[in-house]
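Each residue of the sequence shown is one higher than the one before, counting from 0 in numbering that gives the first Met the number 0.
Here a beta-carbon is modelled for each residue, glycine too, at the ideal position from N, C-alpha and C.
Worksheet: the structure to be examined is printed underneath.
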Amino acid sequence: MSGLIRLTVPSIEEDDLQTVRETLASGFLVQGPRVKAFEDAVAAQVGTKHCVAVTNCTAALHLALQAIGVGPGDLVLVTTYSWITTANVIELCGAQPVFVDVDPRTFNMDPAALEARVASLSKLGETRRRLKAVLPVHTFGQMADVEALSSIADQAGVPLIEDAACALGATWNGKQAGSVGLAGAFSFHPRKAITTGEGGALTTNDDALARTLRALRNHGQDPTPEPGATDPFVMPGHNTRMTEMQGALGVTQMKKLARIVAARKRLAARYDERFRGTLVSPPHVPPASGHVYQSYVTMLPTEAAPHRGAVLAKLKARGIESTIGTWHMPLTQYFRTKYGYRAGDFPVTDAVFARALTLPLFESMTEAQVDEVAAAVLDVVAAL
Ligand SMILES: *Cc1c(COP(=O)(O)O)cnc(C)c1O
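Below is the structure:
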C-alpha cells in the first residue's frame, strides 16, 4: 500500500551502508576489531566496565542465566508481560519461570508483587535452595523501578539480570539501563532504536562474569587462558559471536543513538498531547524515569478491549500499521499448558494485554504523520 505509515523504520544512512561495504571488502568477517569497537561504544553509553556482543538478545539472556549457574530445577522470578524470549530462556536452561505481575501504569514488574512472590517462596522453603535470579524487563524502553527490585533481590540473596532489550539509553533516577543489575541484556533487532540486523549485547561490571560470558559465546574458550594451560576449552560453549559487518554497523548506529532517542521523545510528546484528556491513555512516565520509547504504547478504554482486533484492522484500512503491546507470557500455549495458568492468575497483565495498542514511531516520522495517526485512532475508537 502506498503511503502506509509503518510501525517502525530503521534509521539506516549512507555511513551505515559504507561501513558494511568496507567491512565485507576487508575479508575479516567475524568477531574482530569492529565488534570490539561496538562493545566499547555500548559500554561507554551504559557506563559498565564490560560489554560482550552476541548474535541477539535471546542469546544474551540465555548466556547470562547459564553463566550464573541457572540449571534444571532452579527458579527465576520473571515479569509476566514481555516478548516470549524472556521466559523461554529460563526454560532453555531447564529451570522454571516464576511469573510476577506488572504495574498497571508502567507495564513493568511490580515491586509489591515481587515481594509477595518472594515471601510465598520463602514460606515454602524454596528461596535459598532453588531461586537463582530476578529477571525484570524494561518494557517498551522504560526502566522498571530497579531500586525497589534490586533491594528485594538482594534480600532474597539473588542477582538482578536486566532484560534491557528495548532500553539502551533509558534511565531510572539517572542510572542507565543495563548498569544496575549484575548484567544487562540488549537487542539490536530492527524493532529497537538502533539496529545491527540481528544483534545483542551483555553489559556488566563483574570481571569473572564477563570472562565466563566471553567463553560461553565462543565455544567455551577462555578469553584469558591460565599460564600453562594446554588448550583453551574450559566449558561447553555456544557460538553466538557477532559478525564484523554487524559490529561495524553497530559503531555507526551508536553515533546516532542520542539523535534517534531525541526524535522519538519529541514525537512521543506530540502523541501525548493529542491523547491527553481523551478515551485513549498515553504512556505513563514516572518522574524517576527517562523513557526512550522503543514503542509508543497506548491503552484503549476497557470497553474497547474486546474490539481491539477491529481497531487494528480499521487503522490498517486507513494506511496505518499498528499492533498489540507485547505478550501475556503465562497465557501463551506452552506456559499455559505446562503450568496450568488461567485468566485471573495475573489480573493486571490480563487487562494490560487486552487493552494495549502500539502506534507507529520512528525517527523519520513527521509531526503531520503523528497527528494523522492520533486523529485516526481517536476516530476509530469513538466509532466503536
Ligand atoms: C526484542 C526483545 C528481546 C529479544 O531480542 P532479540 O535480539 O530479537 O533476540 C528480548 N526481550 C525483549 C523485552 C524484547 O523486546
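Have a look at the DSSP bridge pairing and note the partners of residue 77. 98 and 134
Helix, strand or coil for residue 247, going by three-state DSSP, please let me know. helix
Using the three-state DSSP reduction, which class does residue 328 fall into: helix, strand or coil? In the displayed model, residue 328 falls within a helix according to three-state DSSP.
Among 199, 337 and 2, whose alpha-carbon lies nearest the alpha-carbon of residue 165? 199
Any heavy atom of ligand 1 closer than 7 Å to the Cβ of residue 102? It does not: the Cβ of residue 102 is nowhere closer than 7 Å to a heavy atom of ligand 1.
Chain-order list of residues whose beta-carbon lies under 6 Å from that of residue 182 (same chain, five-residue window excluded): 63, 160, 201 and 203
Just to check my reading of the structure: residue 73 and residue 20 have Cβ atoms closer than 8 Å, yes? What is that Cβ distance to the nearest angstrom? That pair is no contact at about 46 Å.
Measuring alpha carbon to alpha carbon, tell me which residue in 211, 317, 339 and 107 is nearest residue 384. Since the first residue shown for the chain is 0 and the last is 383, residue 384 is missing from the structure and cannot be characterised.
Backbone CA spacing between residue 124 and residue 110 [nearest angstrom]: 21 Å
For residue 441, tell me which candidate among 372, 258, 241 and 353 has the shortest Cα-Cα distance. The shown model of the chain, from 0 to 383, leaves out residue 441, and the question about it has no answer.
Strictly by DSSP, which residues pair up with residue 298? 280 and 355
At least 3 beta-carbon pairs within less than 8 Å: the stretch 223-241 vs the stretch 51-65: With three or more CB-CB distances shorter than 8 Å, the stretch 223-241 counts as touching the stretch 51-65.
Apply the 10 Å Cβ neighbour rule to residue 119 and answer buried if 16 or more other Cβ atoms are within range, or exposed otherwise. exposed
Helix, strand or coil for residue 306, going by three-state DSSP, please let me know. helix
So what's residue 6 in DSSP terms, helix, strand or just coil? coil
When the distance is taken between beta carbons, is residue 137 closer than 8 Å to residue 86? no
Backbone CA spacing between residue 250 and residue 40 [nearest angstrom]: 7 Å
How many whole angstroms separate the CB atoms of residue 383 and residue 312, which I take to be in contact at a CB cut-off of 8 Å? Contact annotation, residue 383 with residue 312: C-beta distance approximately 12 Å; criterion of less than 8 Å not satisfied.
If contacts are defined as beta-carbon pairs under 8 Å, then residue 358 and residue 372 qualify, I think. What distance do you get, rounded to the angstrom? Correct: roughly 6 Å between the Cβ atoms.
Using C-beta distances below 6 Å, list every residue in its chain close to residue 252, excluding the 5 sequence neighbours before and after it, in chain order. 193
Give me the Cβ distance between residue 384 and residue 291, rounded to the nearest whole Å; I'm assuming they're in contact under 8 Å. Any answer about residue 384 is impossible in this case: the structure gives the chain only from 0 up to 383.
Note down, in chain order, each residue of its chain lying with its Cβ closer than 7 Å to the Cβ of residue 277, except the 5 sequence neighbours on either side. 377
Ordered list of alpha helix (DSSP H) runs contained in the stretch 27-56, each at least 4 residues: Listed in chain order, the alpha helix (DSSP H) runs fully inside the stretch 27-56 are 32-45, counting runs of at least 4 residues.
Taking only three categories from DSSP, how would you classify residue 186? Reduced to three states, the DSSP call for residue 186 is strand.
Consult DSSP for residue 167 and reduce its assignment to one of helix, strand or coil. coil
Starting from the C-beta of residue 343, find all residues in its chain whose C-beta is less than 8 Å away, skip the five residues before and the five after it, and write them out in chain order. 349
Note the first and the last residue of the continuous beta strand (DSSP E) segment covering residue 162. 160-162
Same chain, Cβ closer than 7 Å to residue 222, neighbours up to 5 away in sequence not counted: 210, 213 and 214
Does the beta-carbon of residue 363 have 16 or more other beta-carbons within 10 angstroms, so that it is buried, or is it exposed? Only exposed fits residue 363, as fewer than 16 other CB atoms lie within 10 angstroms of its CB.
Quick test of your reading: residue 184 and residue 91, contact by CB under 8 Å. State the CB separation rounded to the nearest angstrom. At roughly 14 Å, the Cβ-Cβ gap does not stay under 8 Å, so residue 184 and residue 91 are not in contact.
Is the closest heavy atom of ligand 1 to the C-beta of residue 290 under 7 Å? no
Helix, strand or coil for residue 139? Go by DSSP, reduced to three states. helix
Quick check: what's the CA-CA separation for residue 99 versus residue 294? In a straight line, the C-alpha of residue 99 is about 22 Å away from that of residue 294.
Cβ-based neighbour list, residue 317, same chain, cut-off 6 Å, excluding 5 preceding and 5 following: Around residue 317: 375.
Under 6 Å from any heavy atom of ligand 1, by CB: list those residues in chain order, please. 55, 56, 57, 81, 82, 84, 85, 136, 162, 164, 165, 186, 188 and 199
Between which two residues does the alpha helix (DSSP H) carrying residue 381 extend? 366-381
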